[in-house]
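Trainee: This is the structure I have questions about; it appears just below.
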Amino acid sequence: MAIIKGSVEITKKAYDTSVAQQTADDAKQETIEINKTLTEVDKTLTEVDKRVSEAQSKADESLEKAQEGFDKGQSAIDDLANLKIGSNNLLPNSSYKYGFDNWEGSTTSPYFIRGAESDYPSASILEIAKTTSTTQQKASVPIKIKADTTYTISFDIKLTGAIPQENIAIFGVRSFDSADKTNSGANATKNVYVRTNVIPAIKTGVWFRVSAQYLTDSSEFLRVIPYNGDGTSVLNVQYRRIQVEEGNISTDWTESSSDVDKAVLLVDNKMGAIAGRVTDAEGNITTLTATAEGLQTSVKDKADSSTVTQLADVVASKVSNTDFESNKTQTAELISASVKDKADSSTVTQLADNINLKVDKNGIINQINVSSEGILIAGENVWISGKTKIDNAVIKNAMIDSISANKLTAGTIDAGKINVINLNASNISAGIITGANLAINLNSGEVTFQKGIIQRADKLFSIDVTEGVIESYDSDGGFTISKGEITLNSSPGLTIGNSKKYGTITYKWKLLDASGLALIGEEGFSLGTSNAVKNIANSTVNQGSSISGNKEGYLNVFSRQVINLSSGDLYSYGSLNYKSLASIEIGNTSRNKSEVAISANIIRLSAKSGDHFELIEDSTSALVRSTVIYSRTYASAANMHITGSGTIGRSTSASKYKLAIEEDKTDNYKNILKLKHKTWYDKANTEVYARALDDKDTFDWDNPADEVLPVERIHGLIAEDLVEAGLTEFVSYGELNDDGTKEVEGIQYDRLVVPLLQIVKDHQIEIEKLKERIK
3 MAIIKGSVEI TKKAYDTSVA QQTADDAKQE TIEINKTLTE VDKTLTEVDK RVSEAQSKAD
63 ESLEKAQEGF DKGQSAIDDL ANLKIGSNNL LPNSSYKYGF DNWEGSTTSP YFIRGAESDY
123 PSASILEIAK TTSTTQQKAS VPIKIKADTT YTISFDIKLT GAIPQENIAI FGVRSFDSAD
183 KTNSGANATK NVYVRTNVIP AIKTGVWFRV SAQYLTDSSE FLRVIPYNGD GTSVLNVQYR
243 RIQVEEGNIS TDWTESSSDV DKAVLLVDNK MGAIAGRVTD AEGNITTLTA TAEGLQTSVK
303 DKADSSTVTQ LADVVASKVS NTDFESNKTQ TAELISASVK DKADSSTVTQ LADNINLKVD
363 KNGIINQINV SSEGILIAGE NVWISGKTKI DNAVIKNAMI DSISANKLTA GTIDAGKINV
423 INLNASNISA GIITGANLAI NLNSGEVTFQ KGIIQRADKL FSIDVTEGVI ESYDSDGGFT
483 ISKGEITLNS SPGLTIGNSK KYGTITYKWK LLDASGLALI GEEGFSLGTS NAVKNIANST
543 VNQGSSISGN KEGYLNVFSR QVINLSSGDL YSYGSLNYKS LASIEIGNTS RNKSEVAISA
603 NIIRLSAKSG DHFELIEDST SALVRSTVIY SRTYASAANM HITGSGTIGR STSASKYKLA
663 IEEDKTDNYK NILKLKHKTW YDKANTEVYA RALDDKDTFD WDNPADEVLP VERIHGLIAE
723 DLVEAGLTEF VSYGELNDDG TKEVEGIQYD RLVVPLLQIV KDHQIEIEKL KERIK
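For the sequence shown, counting from 1, position 272 maps to 274 in the numbering used here; every step adds exactly one.
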C-alpha cells in the first residue's frame, strides 16, 4: 500500500470523463476508506516516531556515558606539566632556513642570508657586510627566559676582508623586562658583548666556534645580537649555528623545537585512555581519544570541524561549520542521519522494518516513510516525474494531463494501459516499488540497491553501492570508507579523481609484529591532544601530549608531564621489598621535574658485544661494574675520588684549582714516625667467602654476579692510628652525622708523602751539617 498526502500541480489539457464514470455512492465510499487509511497512517507514523525516539535516546545515553571517559582522557592531558628532554636550542630559526623570520630589523644590505656550506648543509649563514658604522647589528626576537639563571650562548663566526680592529664587539646579549620593548642598550636591563679577544690566533676565512655563559637578572626576556663592530669598512662578519640553551655547558647545535611540527600523544594507564592531538600554525587540529569503551577522533580548522565516535554498540559522526551541521548515528537497530542549518533540517532514519526521510522547515514537515505496512509520502507539495506505474490505486481529486488509454472503466484505471505525465491525487496505494537497480519491499521493509551512486551535487559526499564505497569531503580533504578501511585523502578519488592519499585507519594483522587497529600515514603520522603545545623558544607554556613520525625515520614523543616506558617481570627493591617493573621515566618523576629515571633489577649499557657498564646487586649489596673500565689501562697515577654521598670526581693538584695557598709551618709531620705497620683481612670479602663456603655444593663460583676474591692478608696503616697521631689531615671522612661529627672512612695514602718529604728535608739538613763537621 502506498499513500501520497498533499497536492501535485499538473496542467490539465484533456480528459474524457465519459470513459471513467463512477456513481456518487462509490466515490463517497472511496473517500471514507481513504480518510480511514490516512488516520491509520498518522497513527503508524506516531508509533514509528516513538520507536525512533527510543532508539535514538538509547544511542545518546551510550554516547554520553562514553564521552565521560573521553573527557577524562583529555582532562589528564590538560594537567600535564613541562617536559624537557636533553638540551634544547631556545632560538627559533637559528638555521636561517626561513630567511629573516624571528629576526628583527632590516632585511636588506648590509644584512644577507648566504647558502649553507658543505660541512653543515642544514645551517645557512648570516653575513653582516662591510660598513663604516659600528652599530650594524641583527637582533633576534625576544626569547622567554628564567630569571637569575645561567644560559650558554654559542655560535660559529668567520671574518673576511681583513683582520678586525682590536677588541671590537662581535656579538651581543641583552635582557629586557618586557617583550614589547625595542632593541636598544637604553631599554635593556643588562647588556653584555662578546669581543674579538675571545678568539685565539685570529685568522680570516676560518670558522671559529665561540661559547659564553650569561647569567640573567630579574628580567624575563633575552635577545641575542650578531654584531659587526668594526668601523674600518673592510671587515665582513659571518655567523651560523647560533644556539641559546639553559645551563653552563655548550652542547652540539640543534634547531629549535619550535621549528619542528607539533604533535603529542598521552598513554594514561591510570585513566585507561590513549589521547593525542596534532596542530599546525594554520589552526588545524586533529585529536584522537581512545578508552576501553570506545574511540573518538576529531578534525577541525578555523571554519569546519568533524567528529567520529565509535563504541561497541554505537557509531556516531558529526560535521559542522558556522552555517551547517550534519550528524549520523548507527546502532544495531537504528541508522539515523541528519543535516540542518539555521532554518531547515533533514533526517533519514532506518529501522529493521521502517525507513523514514523527513525535511523540516519552520515546523512544516515533508516526509517519506517506508514500512512493512506501506509507503507514506507526505508534504505541502509533491512532484513525481518520469515513467510511473500504479497498481490497484485510488486517485482522488486529480488533474491529469493528456490521458491516453486503451480502456477506462468505472472504479478502476489500469495503469499498465496509460502513461501519466503529471498526477494529482490524495492517495496512491501499492505493495512494492521496484526498479532496474532498486527494490523496496513494503511488506518486509527491505530496501535493496543493485548498483549506482548516491551523491551530493558537488560530489564531495557520495555512497557508491556498486563499489561499496562511502566518501565524505570538504575543501581540505576527507575520508573514504571501503573494504573495512578508512582512507584519508585530499579529494574523493572515485567521483573527482587526482586524489592524494594521506593515510589509512584499518585493521592489520601483525603490522610491525603487532596486530589490531592500525593508523598508517603515507608521509608520516601524528597523534595528539587538542591542547598540545611544545614551543619553548617562544615562551609558550608547554601542555598536552603527542607522538609523530615520518617515513624518513624521525619519531618525536612529547608529553607535558611524564613519559613512562615499562616492561618485563616484577622485581623487588628496597628494605620493604616493593614490587616494580623495569622502567624509564622522563619528565616529572617523583624526585625532579626535569629528570630521566631508569629503574630495573639490572641496568646494562653496552657499546658492543662483551663491553658494557652495569648497575646490579649481588649477595652483599648494590654495585657498579664495568669490564670496559677494567680493560682500559694507563700508566698515569690514580686521580679519582669518591665522596661520602657517592659522587665520583677527578682528583687534581694544580694551583689553578686552589685558593689561599700557603706554607704549612706546623711540625706535627714527625708524628708519622709513630705509626705502626699492620696487617688484616678485608671484612666484606671474608664474609662473602664464608657464605660461599657455607653453600659450596650449590654456589656457582664462576658466576660474575657473585664475584669472590681470595682471602689474603692486607698490609698497610689504620686510619684511626693517624687520628691518634694527630695526622687528621691525611684521613678521609664520611658524611656529617646528626650530632655534627664525621666517621673515619679511610687514609689519603697519596698525601702521606708530604710529611715524609719534610722528614727527608730535615735529614738532608742534618747530613749537610755532619758533612761540614767532618771537613
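Glycine residues also receive a C-beta, built at the ideal position from the N, C-alpha and C atoms.
Under 7 Å Cβ to Cβ from residue 524, same chain only, skipping five residues before and after it: list those, please.
Mentor: Counting only Cβ-Cβ distances below 7 Å, and skipping sequence neighbours, we find 503, 504 and 505.
Trainee: By alpha-carbon positions, which one of 469, 367 and 192 ends up nearest to residue 381?
Mentor: When each option's Cα is compared against that of residue 381, the closest is 367.
Trainee: From 443, 346 and 308, pick the residue whose C-alpha is nearest to that of residue 791; which is it?
Mentor: As displayed, the chain neither begins before 3 nor continues past 777, which places residue 791 out of reach and without an answer.
Trainee: Under a Cβ-count criterion, where at least 16 other Cβ atoms within 10 Å of its own Cβ denotes burial, should residue 173 be classed as buried or exposed?
Mentor: The residue in question, residue 173, is buried, as its Cβ has 16 or more Cβ neighbours within 10 Å.
Trainee: Residue ranges of each beta strand (DSSP E) run of no fewer than 3 residues wholly in the region 178 to 253, ordered along the chain?
Mentor: Runs found: 192 to 197, 209 to 217, 223 to 230 and 238 to 248.
Trainee: Kindly list the residues whose CB is nearer than 7 Å to the CB of residue 124, restricted to its own chain and excluding five residues on each side of it in sequence; keep chain order.
Mentor: Taken in chain order, the residues that qualify are 97 and 118.
Trainee: Between the beta-carbon of residue 276 and the beta-carbon of residue 292, is there less than 7 Å?
Mentor: Result yes, Cβ atoms of residue 276 and residue 292 sit closer than 7 Å.
Trainee: With a 10 Å radius around its C-beta and 16 neighbouring C-beta atoms as the bar for buried, classify residue 762 as buried or exposed.
Mentor: Exposed.
Trainee: Does the Cβ-Cβ distance between residue 177 and residue 213 come in under 7 Å?
Mentor: In this structure, residue 213 does not lie closer than 7 Å to residue 177 by Cβ.
Trainee: Exposed or buried, residue 695, counting other C-beta atoms within 10 Å across all chains shown (16 or more means buried)?
Mentor: Counting Cβ neighbours within 10 Å, residue 695 comes out exposed, since fewer than 16 surround it.
Trainee: If you draw a straight line from the alpha carbon of residue 630 to that of residue 607, how long is it in whole angstroms?
Mentor: One C-alpha to the other measures close to 11 Å.
Trainee: Under a three-way DSSP split, which group does residue 327 fall into?
Mentor: Reduced to three states, the DSSP call for residue 327 is strand.
Trainee: Taking 8 Å as the threshold, find out whether the region 153 to 161 comes into contact with the region 240 to 256 through three or more Cβ pairs.
Mentor: Yes, the region 153 to 161 is in contact with the region 240 to 256.
Trainee: If you drop the 5 nearest sequence neighbours on each side, which residues of the same chain put their C-beta closer than 6 Å to that of residue 201?
Mentor: Taken in chain order, the residues that qualify are 210.
Trainee: Could you work out which residue in 111, 121 and 665 is closest to residue 131 when comparing CA atoms only?
Mentor: When only C-alpha atoms are compared, the closest one is 111.
Trainee: Where residue 283 and residue 256 are concerned, what is the direct C-alpha to C-alpha distance, given to the nearest angstrom?
Mentor: Note that residue 283 scores 45 on pLDDT, short of 50, meaning its location in the model is unreliable; the coordinates nonetheless yield the value given after this. Going from the Cα of residue 283 to the Cα of residue 256 covers about 21 Å.
Trainee: For residue 257, which three-state DSSP category applies?
Mentor: Residue 257: coil per DSSP, three-state reduction.
Trainee: Taking Cβ positions, are residue 552 and residue 530 nearer each other than 7 Å?
Mentor: Contact flag unset, no.
Trainee: Taking all protein chains shown into account, do 16 or more other C-beta atoms lie within 10 angstroms of the C-beta of residue 775, making it buried, or fewer, making it exposed?
Mentor: Burial call: exposed.
Trainee: Here's the rule I'm using: 16 or more other beta-carbon atoms within 10 Å means buried, otherwise exposed. How should residue 463 be labelled?
Mentor: Under this definition residue 463 is a buried residue.
Trainee: Tell me the DSSP bridge mates of residue 752?
Mentor: In the DSSP output, where bridge partners are listed per residue, residue 752 has none listed.
Trainee: Taking the CB atoms as reference points, tell me whether residue 305 and residue 286 lie closer together than 7 Å.
Mentor: No, the Cβ-Cβ distance between residue 305 and residue 286 is not below 7 Å.
Trainee: So is residue 289 buried or exposed if we call it buried at 16+ other beta carbons inside 10 Å?
Mentor: The residue in question, residue 289, is buried, as its Cβ has 16 or more Cβ neighbours within 10 Å.
Trainee: Is the separation between the beta-carbon of residue 241 and that of residue 92 shorter than 7 Å?
Mentor: It is not a contact, given that the beta carbons lie outside the stated cut-off.
Trainee: Any idea if residue 732 is buried or exposed, counting beta-carbon neighbours within 10 angstroms, 16 or more meaning buried?
Mentor: Residue 732 is buried by the Cβ-count criterion.
Trainee: Is it buried or exposed, residue 135, if we count other Cβ atoms within 10 angstroms and call 16 or more buried?
Mentor: When all chains shown are included, residue 135 counts as exposed.
Trainee: I'd like to check one pair, residue 332 with residue 311: are the Cβ atoms closer than 7 Å?
Mentor: Cβ distance not < 7 Å, so residue 311 and residue 332 don't count as in contact.
Trainee: Just how far apart, CA to CA, sit residue 617 and residue 309?
Mentor: Distance between the alpha carbons of residue 617 and residue 309: 49 Å.
Trainee: Relative to the C-alpha of residue 106, which residue among 121, 563 and 145 is closest?
Mentor: It is 145.
Trainee: Quick one: using the 10 Å Cβ neighbour count with 16 as the cut-off for buried, is residue 458 buried or exposed?
Mentor: Label assigned to residue 458: exposed.
Trainee: Could you pull out every residue in the same chain whose Cβ sits closer than 6 Å to the Cβ of residue 567, ignoring the five residues on either side in sequence?
Mentor: If we look at residue 567 and ignore the five residues flanking it on each side, its Cβ neighbours are 586.
Trainee: My output table needs one value for residue 701: the three-state DSSP class, helix, strand or coil.
Mentor: If DSSP states are grouped into helix, strand and coil, residue 701 belongs with coil.
Trainee: Of the choices 349, 343, 687 and 317, whose alpha-carbon is the least far from that of residue 335?
Mentor: The shortest Cα separation from residue 335 among 349, 343, 687 and 317 belongs to 317.
Trainee: What residues in its chain sit with their C-beta under 6 Å from that of residue 191, if we drop five residues either side in the sequence?
Mentor: Closer than 6 Å at Cβ, skipping near neighbours: 177, 179, 219 and 221.
Trainee: Flag this pair as yes or no: are the beta carbons of residue 604 and residue 588 separated by less than 7 Å?
Mentor: Cβ distance not < 7 Å, so residue 604 and residue 588 don't count as in contact.
Trainee: Can you tell me whether DSSP reads residue 386 as helix, strand or coil?
Mentor: If DSSP states are grouped into helix, strand and coil, residue 386 belongs with coil.
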